[in-house]
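In the working numbering, the protein residues as written are 14 to 240.
Glycine residues also receive a C-beta, built at the ideal position from the N, C-alpha and C atoms.
The block underneath contains the structure these notes are about, expressed in structure tokens.
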Amino acid sequence: MPEQRVEAVERALTILEAFREGQDSLTLAEIAKATGFYKSTILRLIGSLERFGYMCRREDGRYQLGPSLWRLGSLYRRNFDLGAHIRPELKRLVRETGETASFYVREGDQRICLYRQNSPQAIRHHLDEGVRLALDRGAAGRVLLAHSGASGAPYSAIRTDGWYVSLGERDSNIAAVAVPLFDSVGTLRGALAVSGLITRFDEPARLAAVEALKESAKRLSPLLPRA
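So, in structure tokens, the structure goes:
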């Protein structure tokens with residue numbers, strides 16, 4: 014809420030956000046360019062960040078992230094509960110699509126349904142958590158393969174499009190759509206999928222589900238720590 018914002022804190026966090034993957038250090042000028050702040054403002058904020066170990070000034074005058082960020086990141090990873098983040102999104106997907114939503118991970122040449130939320134409809138595609146399915150059939154399996162280095166059709170198209178639709182690949186009665194889920198540094202963590210009866214889960218419904226899945230992945234990705 015705007016009334017609860019603290020400008021100095023937001024500016025300090027903006028400085029930390031100036032660092033990107035592959036950048037181990039930045040000059041004062043580079044930080045100023047990335048943030049749009051005056052150098053004098055940056056120096057005052059860096060002074061506070063240094064005192065609490067969030068930034069360090071090297072001997073060559075460049076700045077790097079400090080050990081306090083590593084400590085907090087380690088605490089976050091140790092206490093991170095993947096299911097606590099995935100399950101609410103699956104429930105949201107079920108509400109938005111009316112079909113079954115699930116999250117798969119790859120294990121060898123199979124995929125495992127790690128989390129699922131079944132559709133409330135009486136006639137539905139029912140899934141159990143922990144079930145193992147073929148990796149080379151079905152939307153989620155294809156997505157996992159595509160982002161694990163599989164070549165040729167349809168995998169190159171999946172990587173380009175960012176999603177895949179399967180029609181009766183594993184079960185002639187089932188249609189499914191899936192998207193990849195990457196963590197905050199771009200590592201594949203699994204596949205989010207929505208599946209339903211092929212007679213009801215028609216093309217407009219599938220395309221709507223693709224958009225809902227993309228939004229779920231977009232919300233989840235920044236929350237997932239490095240694997």
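DSSP places Ala221 in the uninterrupted alpha helix (DSSP H) bounded by 216-233.
With contacts defined as CB atoms closer than 8 angstroms, Gly181 and Ile136 fail to qualify as a contacting pair. The criterion of a C-beta distance shorter than 8 angstroms is not satisfied by Val190 and Val198. Note on the stretch 150-183: whole alpha helix (DSSP H) runs with a minimum of 4 residues are 152-159, 168-174, in chain order. In the DSSP assignment, Glu120 falls outside any alpha helix (DSSP H) and lies within the beta strand (DSSP E) extending over 113-120.
With a contact defined as Cβ atoms closer than 8 angstroms, Thr48 and Ile59 miss out at about 11 angstroms. Following the DSSP letters along the chain, one finds Leu106 inside the alpha helix (DSSP H) bounded by residues 95-110. With respect to Ser115, Arg75 sits apart: the two C-beta atoms are not nearer than 8 angstroms.
In the structure shown, the three-state DSSP call for Gly209 is strand. By DSSP's assignment, Pro193 forms a beta bridge with Ala204.
Annotation for Ala21: Leu58 place their beta carbon closer than 8 angstroms to its own, counting only its chain and skipping 5 residues before and after.
Remark: C-beta atoms of Arg100 and Thr113 do not approach each other more closely than 8 angstroms.
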